[in-house]
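Each residue of the sequence shown is one higher than the one before, starting from 1 at the first, in the UniProt record's numbering.
Below: one structure, written as structure tokens.
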Amino acid sequence: MYSTFLNSAKNGQFVNPFRATCEAGKNEDGSVKLDGLEINPARRIKAAAVADETSCEFGSTKYFALCAFGGVLSCGITHTAVVPLDLVKCRIQVDAGKYKNIVNGFRVTLAEEGFRALGKGWAPTFIGYSMQGLCKFGFYEVFKDVYSKMLGEENTFLWRTSLYLAASASAEFFADIALCPMEAIKVRIQTQPGWSNTLREGFPRILQEEGMTGFYKGLVPLWCRQIPYTMMKFACFERTVEAIYKFVVPKPRSDCTKGEQLVVTFAAGYIAGVFCAIVSHPADTIVSKLNQDKGSNFMDIAKRLGFMGMWKGLMPRIIMIGTLTALQWFIYDSVKVFFRLPRPPPPEMPESLKKKLGITQ
1 MYSTFLNSAK NGQFVNPFRA TCEAGKNEDG SVKLDGLEIN PARRIKAAAV
51 ADETSCEFGS TKYFALCAFG GVLSCGITHT AVVPLDLVKC RIQVDAGKYK
101 NIVNGFRVTL AEEGFRALGK GWAPTFIGYS MQGLCKFGFY EVFKDVYSKM
151 LGEENTFLWR TSLYLAASAS AEFFADIALC PMEAIKVRIQ TQPGWSNTLR
201 EGFPRILQEE GMTGFYKGLV PLWCRQIPYT MMKFACFERT VEAIYKFVVP
251 KPRSDCTKGE QLVVTFAAGY IAGVFCAIVS HPADTIVSKL NQDKGSNFMD
301 IAKRLGFMGM WKGLMPRIIM IGTLTALQWF IYDSVKVFFR LPRPPPPEMP
351 ESLKKKLGIT Q
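Printed below as a string of structure tokens:
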């Protein structure tokens, strides 16, 4: 009795929504006909593939949360990986007489403090830039979605560069508030010998000597450095990806493999990183000097350095930021691929706008 019941349940027509047990006929074109309804197998397979392709809806809470997680990994890992180069870059900026260039900076540091000194500041770097990455990438996706809905489909396409700039600037405003305390500790550990060697020592020292304001002393110059940097990072990346698929890659993005798409991501990220380093370098130099000189303000240091002084350490920063930005975009896009997040192709002109402009192709 029970075996008969189980067999009936297993073979019942409702046990599997993707299987039908009723008789079906076929049309001449190969489509299936069930009780007057036509089902095209190709369409059904395509619909199933689309459903399996992404794990969540574009613009959903889950989508934004996973984008933020991708930002944590992309910024936290990459910035920590280049701590030795960042340390030498900061020392060139604050003491150009002693650390003449990148090679000399490494030699002097190794001779005076040993190999372990190259890892100074790794903890505040990892924590600070992980928090910054969470806000930077997560809020960028949020603001891009919000501003796009405000503009509408046609204006979003026409003003997409401005949209990227506005969304990235808005995101970075909040990201720097999260980063600033750890950045202050990191720079002092790296540039002030004998101050503190660890985050555990540095955090209470600033809190005791300067209070909470000590952590945010460099916030305004940090905004001046990071907001132009991030605006360039996102806008240049988005438009470079668009240009690569349009002029370089000989096939549509949809025909590229995931690996090929990630190669394009890395290349566009490096190009964006070079421009990022250039536009944000003067403010980066001032931030480094500001955290070294307790009694100075933004304008004092800018006057003292002069125009040429603000460009000290540019070459190592181009190498660092170019590589950094490329890896960040690569990791971020890889996270999207891993979690099967929606990854829209480069924007195309809406059909309604084509009609208005009289474009036929």
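Backbone N, C-alpha and C define an ideal beta-carbon position, used for all residues, glycine too.
None of the values given here were measured: they were computed from a predicted structure.
Where residue i falls, given that 16 or more other Cβ within 10 Å makes a residue buried
| i | result |
| --- | --- |
| residue 67 | buried |
| residue 188 | buried |
| residue 255 | exposed |
| residue 304 | exposed |
| residue 345 | exposed |
| residue 213 | exposed |
| residue 234 | buried |
| residue 185 | buried |
| residue 208 | exposed |
Chain-order list of residues whose beta-carbon lies under 8 Å from that of residue i (same chain, five-residue window excluded)
| i | result |
| --- | --- |
| residue 278 | 314 and 318 |
| residue 80 | 122, 125, 126 and 129 |
| residue 82 | 320, 323 and 324 |
| residue 50 | With a pLDDT of 42 at residue 50, under the threshold of 50, the modelled position of that residue is not reliable, and the figure given next carries that caveat. Nothing meets the Cβ criterion. |
| residue 151 | 159 and 163 |
| residue 329 | 74, 237, 265, 266, 268, 269 and 272 |
7 Å Cβ cutoff met for residue i and residue j
| i | j | result |
| --- | --- | --- |
| residue 287 | residue 193 | no |
| residue 190 | residue 87 | yes |
| residue 363 | residue 301 | Since the first residue of the chain shown is 1 and the last is 361, residue 363 is not available in this structure. |
| residue 242 | residue 164 | no |
| residue 143 | residue 162 | no |
| residue 350 | residue 154 | yes |
| residue 99 | residue 91 | yes |
| residue 74 | residue 245 | no |
| residue 59 | residue 136 | no |
| residue 258 | residue 146 | no |
| residue 340 | residue 61 | no |
Beta-carbon proximity list for residue i, same chain, < 6 Å, skipping 5 on both sides
| i | result |
| --- | --- |
| residue 280 | 225, 228 and 229 |
| residue 284 | 225 |
| residue 45 | The predicted model places residue 45 with a pLDDT of 36, which falls under 50 and marks its position as unreliable; any figure quoted below should be read in that light. Closer than 6 Å at Cβ, skipping near neighbours: no residue. |
Cβ-based neighbour list, residue i, same chain, cut-off 7 Å, excluding 5 preceding and 5 following
| i | result |
| --- | --- |
| residue 77 | 331 |
| residue 64 | 138, 141 and 142 |
| residue 183 | 128, 218 and 222 |
| residue 205 | 196 |
| residue 261 | 253 |
Inspect the CB distances between the segment 148-159 and the segment 176-189 and report whether three or more fall short of 8 Å.
-> The segment 148-159 makes no contact with the segment 176-189, as fewer than three CB pairs between them are under 8 Å.
Say whether the segment 224-232 touches the segment 244-251, bearing in mind that this needs 3 or more beta-carbon pairs closer than 8 Å, one atom from each stretch.
-> no
The segment 256-271 contacting the segment 323-339, beta-carbon criterion three pairs below 8 Å = Counting Cβ pairs under 8 Å, three or more are found: they touch.
Whole alpha helix (DSSP H) elements within the UniProt repeat "Solcar" (62-146), 4-residue minimum | 83-94 and 102-113
Can you give, in chain order, each stretch of the alpha helix (DSSP H) that sits fully within the segment 145-169 and has at least 4 residues?
-> 153-158
Could you name each continuous alpha helix (DSSP H) segment of 4 residues or more that falls completely within the UniProt repeat "Solcar" (159-243), going from the start of the chain to the end?
-> 160-191, 199-210 and 219-243
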